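Okay, structure first, notes after.
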Amino acid sequence: MKKIFVLVVFMFVCSPGIAQSDTQESSSEITVTQDKEMEQVKKQVEKAEAEAKKEKKEATDKKKEEKLKKQINSKEKSISKEGKQIEKLKNQLEKGKLKGTLSPVDIQKIEDKVAKSQMKVMKEQEKLKKLNRKL
1 MKKIFVLVVF
11 MFVCSPGIAQ
21 SDTQESSSEI
31 TVTQDKEMEQ
41 VKKQVEKAEA
51 EAKKEKKEAT
61 DKKKEEKLKK
71 QINSKEKSIS
81 KEGKQIEKLK
91 NQLEKGKLKG
101 TLSPVDIQKI
111 EDKVAKSQMK
121 VMKEQEKLKK
131 LNRKL
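Residue numbers for the sequence shown follow the UniProt record's numbering, so the first one is 1 and each next one is one higher.
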């Protein structure tokens with residue numbers, strides 16, 4: 001795209017230069033005007049390249065931001081899911097204790113699952129904080 005743009009600009013610059021060469025100007029005046037035109041073309045090309053670079057950077061920044069938002073939503077969903085799992089295990093433990101249907105081994109297993117889930121939630125919350133800082 002840049003090459004095409006440079007080529008088109010160069011063609012427009014050269015065509016008036018060819019038309020002007022038919023006139024009887026001194027060679028020094030022609031070179032001065034050509035130098036000025038070349039400087040203008042260089043400036044235009046540099047501006048176009050800077051603009052393209054800026055647009056590309058904005059696009060990548062936008063992609064990164066969208067990716068971060070997606071990760072944040074995923075972490076929040078994961079934390080919510082683990083919280084529900086913890087509540088479910090606690091209710092199961094409570095009902096089992098009231099009915100007396102759980103053995104001490106079963107109680108310990110459920111408590112271990114609850115502790116493991118709570119640790120997982122804490123880790124996920126730390127990751128969520130880091131993602132929010134990046135955003």
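Glycine is no exception: its CB is placed at the ideal position from the N, C-alpha and C atoms.
The structure displayed is predicted, hence computed values, not measured ones.
Tell me which same chain residues have a C-beta within less than 6 Å of the C-beta of residue i, skipping the five on either side of it?
i	result
I107	none
How long is the line joining the alpha carbons of residue i and residue j, rounded to whole angstroms?
i	j	result
K129	Q40	50 Å
L93	V121	19 Å
K134	I30	56 Å
D22	S28	Any answer about D22 is weak, because its pLDDT of 49 lies below 50 and its placement is not dependable; what the coordinates show is given next. Cα-Cα distance, rounded: 15 Å.
E124	L89	19 Å
K62	K70	12 Å
V45	K127	44 Å
D35	T60	37 Å
K97	E65	48 Å
L68	K56	19 Å
N91	L131	32 Å
K109	E87	15 Å
T101	K95	9 Å
E76	E58	27 Å
Can you tell which of the options has its C-alpha closest to the C-alpha of residue i?
i	options	result
K3	K62, A52, E29 and K36	A52
V9	K43, I86 and V32	K43
M1	V32, E49 and E37	E49
Tell me which same chain residues have a C-beta within less than 8 Å of the C-beta of residue i, skipping the five on either side of it?
i	result
E111	L93
Discussion item. Quick check: the region 117-124 against the region 78-93, are at least 3 beta-carbon pairs closer than 8 Å?
Written reply: yes
Item to complete: Let me know the beta strand (DSSP E) ranges lying completely inside the region 36-112, each 3 residues or longer, listed in chain order.
Response: none
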